[in-house]
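Just so it is clear: in the sequence shown, position 442 is 799 by our numbering, and no numbers are missing.
Where is the CB? At the ideal position from N, CA and C, for every residue including glycine.
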Amino acid sequence: SATVCNCLSPPCPLPANCREHEQQKLEGRLKELRQSIDELRITSRELERSIDQNGGQRLSELKTELERLGRERNRIAKASDDYLRICRTLELPTPADDDGFFDNREQAKHGLDSLEKEQAELQNQQVEQGVELQNLRSQHKELEQEIASLKSRQSNIPSRNLEIRQALSHSLQLPESALPFAGELLQLREEERQWEGAIERVLHNFALSLLVPDEHYQAVADYVERTHLKGRLVYYRVREPARSIIERIDPRSLCRKVSIKTDSQFYGWLEQELAQRFDYICCDQLEDFRRETRAITPAGQIKSGGSRHEKDDRFRIDDRSRFVLGWSNREKIFTLEANRTALEQLIQESAAAQARFAQQVKQLGSRQLQLELLLKYDSFADIHWQPLAVQIEALEQEKQQLEAGSDILRTLRERLERSEVLIREKIKQEQTLNSDSGVARAKLEQDHHLLAQSEQQLAELPQDQREDGFATLATMEFEALGERKITIESCDNCQVAMRGWLQTRLDGQERRSRELSAKITGQMADYKNAYPQETREVDASMGSVAEFSAMLDTLQGEDLPRHEQRFKQMLNEGTIHNMAMFQNWLDHQQQTIRDKIATINRSLSGIDYSEGTYIRLVADNHRDPEINQFRIDLRNCLGDSLTADNSDDAYAENKFLQVKTIVERFNGREGQSELDKRWTRKVTDVRNWFLFNASERYREDDAEKEFYSDAGGKSGGQKEKLAYTILAAALAYQLGLEWGEHRSRSFRFVMIDEAFGRGSDESARYGLELFRKLNLQLLIVTPLQKIHVIEDYVNSVHFVHNLGGNQSVLRNLTIEQYRQEKEQERARQQQPSDITAATA
């Protein structure tokens, strides 16, 4: 540069950015600024001495005293506000003097004493309530366990007794059925329900006794002897009874009102044991009760030995939760569930009471804290701030009088304030200049260092690179940097920007090259996949460009486009036609299913599902994405196939590709054959196109009452009823019956194996009534406990008995013979013992 700065050093080559020149100017300004600050400080000290001589010292003392008194007043005022807030909370009066203050302290002390007694009493009540709540929860837990145990079995025996038997059976490796409780084999007759509570009391302990066959007696006795049972166990050694004495029993006897499980090996022993030990006469009248030697009443009074009387009313006589007889526990479960509901209500009430106690304890604790805080104030002076306010006001007046009475003092103070403001401004300027000087010094050192590095790097470059490289970069400089000027400060940033621009340009060229290569090789791969036979000897790579060019020349030379018209004709007349036939077949299958559902619904419309309702099956389209997509693709293959112009090249190729995609999945694509096979089975099975549900509708207006998408959340009886309804309609369809048909020569044989064994009597009668309306010829295989339901719907009975498990015996009876023998047996059991003996 031709311009030279005024530095002390030799002429500066960069006058606009001269670091040394700038550094010298900053130091000169700092020197002048420091001299000015020193002069201002001297002036301030002289002004302060003049102010003190003209009354300024008293003003300073007043200012200090006012600040101290202000802090003290604020402290006492805050304490006063806190104290008054506590008084309002405790409903105490606001004190106006020492007497009122100490009256509040006395009331607070008495309140603390009485509060401690109240807290102790409340805590005792809370503990008692907590113990009661814990007991209720413990009872609820035991009840839950008992209900869960009952639902997993049929007997009424308590779970704690069953646990003892389970441990015994597991230890001896015996089935639990080999060691029954007596109560599992005994059940009150249906017609004797009025005696249920009294008989349960009499037989309670006996029903909880374990029956041990003679062959297991020694093992059981040894186990009981060596084991801590954690409970009470009574068991009987059961041997074959010598003879039956049931014929001599009074018809009014308790024994006559109890049934023994007929298929039990303990039948004879239980019959004899009941006759010997529990031959109590059941007396409806107290006159009969007083005359009998051994008797019971419906209220549970027991007479034995002619003179001993007992009545145990520790529990209600109709408390089913304690019943232990029978091989069905449904009623006991209902009772326990009702008890559980009542117990849950008590638990809620107890928990609410516990919460109230906790709230009361919390309130008492809060009041105790307020009383303790009130007692922390020792004197009325701790909250009486008004005297300090009067003192502050007097000092403020004195200060104002001093300031108003001296014009010289006011002038001196104004000059002092201006001097202090100037000093603060000069100090800020000094700090700024110091910072700027340090920054300039650091930049100057960095510039010298960078200059040396640049000169060294330039000297190391060869002459040809220095000339050609710089010339090339010069042509790119404007494109990379634009209008940016290169200076010492911006040299590094420009270098980074230039390098980034060059790298971005290189990356873009390489990316375009890769994309072009990938596009070419991708098209090569597509061509190989489309024509594997013709391209099996070439690879999809840039090295095979010559081979692919040769194939293109061959295709163009063979004039393949002339065969295009024939391809279109085959596509339209062959492939599209076959796809249309395939879709028509699927539509036919779909319509067939809808017709079958309609036929079944005609049968269902004649069946009363409940009073005033019937069931209708609903076949909705399935929302499966694979099935829906297949149907869309199939429609697209045939869309506009009849109206489209056959000369349209895009149409022909598009249809070909759509058909090809579906056929390839039918045939199984490479590497996905199993997946495609499952897909084919799924989408071509028209049954999968539907979701089948049931709708219960009112006959009156055909409005929907309930929709069944599945049987979840329904009771066992509801599930059975719905299943029987749909089964009856399906049978009508399979057998080709018209609902309500009275005369037909069709063979309508249906065999049902244990269909009614586990269900309720109501649902079994519902299903049988449906089958009778269909005039079905039924063969029902069922256990004996359902015979009382089925006998009204059958014409003959075939009893199968297998004695010892080695030989089956079959006995055939008409329903009339079965009922006749049943009545004869019932009459024989009700006859008096002396008449029976005479007849025998």
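#1: With a threshold of 16 other CB atoms inside 10 Å of the CB of F1128, please say whether the residue is buried or exposed.
#2: Taking buried to mean at least 16 other C-beta atoms within 10 Å of its own C-beta, is C639 buried or exposed?
#3: Along the alpha helix (DSSP H) that carries D579, what are the first and last residues, could you check?
#4: Which class does S1252 belong to by DSSP, given the choice of helix, strand or coil?
#5: Given that a residue counts as buried once 16 or more other Cβ atoms are within 10 Å of its Cβ, and exposed if not, what is G588?
#6: K689: buried (16+ other C-beta within 10 angstroms of its C-beta) or exposed?
#7: On the DSSP bridge list, what partners appear for N1163?
#8: Specify the secondary structure class of N1050 as computed by DSSP and reduced to three states.
#9: Return helix, strand or coil for I1192, following the three-state DSSP convention.
#10: What does a CB cutoff of less than 7 angstroms around S1153 pick up in its chain, not counting 5 residues either side in sequence?
#11: So, for R951: in the same chain, excluding its five sequence neighbours on each side, which residues have a beta-carbon less than 7 angstroms away from its beta-carbon?
#12: Please classify A539: is it buried, with 16 or more other beta-carbons within 10 angstroms of its beta-carbon, or exposed?
#13: Rank R386, I1019, F737 and S967 by C-alpha distance to the C-alpha of W1036 and give the top, closest one.
#14: Is it the case that the segment 469-487 contacts the segment 500-513, given that we only count it when at least three CB pairs across the two stretches are under 8 angstroms?
#15: Quick one: using the 10 Å Cβ neighbour count with 16 as the cut-off for buried, is I972 buried or exposed?
#16: Is S509 near the ligand ZN, judged by its Cβ being under 7 angstroms from some heavy atom?
#17: Just list the residues that DSSP pairs K312 with in beta bridges.
#18: Helix, strand or coil for T970? Go by DSSP, reduced to three states.
#19: By how many angstroms is the C-alpha of A797 removed from the C-alpha of Q786?
#20: For my contact list, L731 and A453 are in at a C-beta cut-off of 8 angstroms; report their separation, rounded to the angstrom.
#21: Applying the 10 Å Cβ sphere with the 16-neighbour rule, what's the burial state of T949?
#22: Find out if the Cβ-Cβ distance for the pair N518, L682 is shorter than 8 angstroms.
#23: Just reading off the beta strand (DSSP E) that L590 is part of, what are its end residues?
#24: Hey, could you find the ends of the alpha helix (DSSP H) L627 is sitting in?
#25: Are there 16 or more other CB atoms within 10 angstroms of the CB of K1062, so buried, or fewer, so exposed?
#26: Tell me the start and end of each unbroken alpha helix (DSSP H) in the segment 1117-1189 that is at least 4 residues and wholly inside, in chain order.
#27: With DSSP as the reference, label N978 as helix, strand or coil.
#28: What do you get for L536, buried or exposed, if any count of 16 or more other CB atoms within 10 angstroms of its CB means buried?
#29: Does I653 come out as helix, strand or coil in the three-state DSSP assignment?
#30: Rounded to whole angstroms, how far is the Cβ of W552 from the Cβ of K614, which I believe are closer than 8 angstroms?
#31: With contact counted as at least three CB pairs below 8 angstroms, one residue from each stretch, are the segment 629-644 and the segment 573-591 in contact?
#32: When we look at the beta-carbon of K1012 and count the other beta-carbons within 10 Å, is it buried (16 or more) or exposed?
#33: Can you grab the Cα-Cα spacing for the pair L565 / H573, in whole Å?
#34: Note down the Cα distance separating Q1015 from E1057, rounded to an integer number of angstroms.
#35: Residues in the same chain with beta-carbon distance under 7 angstroms from L700, minus the five sequence neighbours each way, listed in chain order, please.
#36: Using the rule of at least 16 other Cβ atoms within 10 Å of the residue's Cβ for burial, across every protein chain shown, is N1163 buried or exposed?
Let me spell this out:
#1: buried
#2: buried
#3: Y574 to R583
#4: This structure leaves residue 1252 out entirely; the chain is present only between 358 and 1197.
#5: exposed
#6: buried
#7: None, per the DSSP bridge assignment.
#8: Strand, per DSSP.
#9: Only weak support is given to the placement of I1192: the predicted model assigns it a pLDDT of 34, under 50, and the value that follows is read from those uncertain coordinates. Residue state, collapsed to three classes: helix.
#10: Only N1169, L1170, T1171 and I1172 meet the Cβ criterion.
#11: A976
#12: Buried, by the Cβ-count rule.
#13: Taking W1036 as reference, the option from R386, I1019, F737 and S967 with the minimal CA-CA separation is I1019.
#14: Segment contact: the segment 500-513 against the segment 469-487, fewer than three CB-CB distances shorter than 8 angstroms; contact not assigned.
#15: buried
#16: Looking at this structure, you won't find the ligand ZN or any other ligand, since it has none at all.
#17: One cannot answer for residue 312 here, as it falls past the ends of the chain, which runs 358 to 1197.
#18: strand
#19: 16 angstroms
#20: Incorrect: roughly 17 angstroms between the Cβ atoms, too far for contact.
#21: exposed
#22: no
#23: L590 -> no beta strand (DSSP E), and no H or E assigned at all.
#24: Y624 to R634
#25: Burial is judged here by how many other beta carbons sit within 10 angstroms of a residue's own beta carbon; K1062 has fewer than 16 and is exposed.
#26: 1118-1130, 1144-1147 and 1172-1187
#27: strand
#28: buried
#29: strand
#30: 6 angstroms
#31: no
#32: buried
#33: 19 angstroms
#34: 51 angstroms
#35: L493, Q496, H497 and L500
#36: exposed
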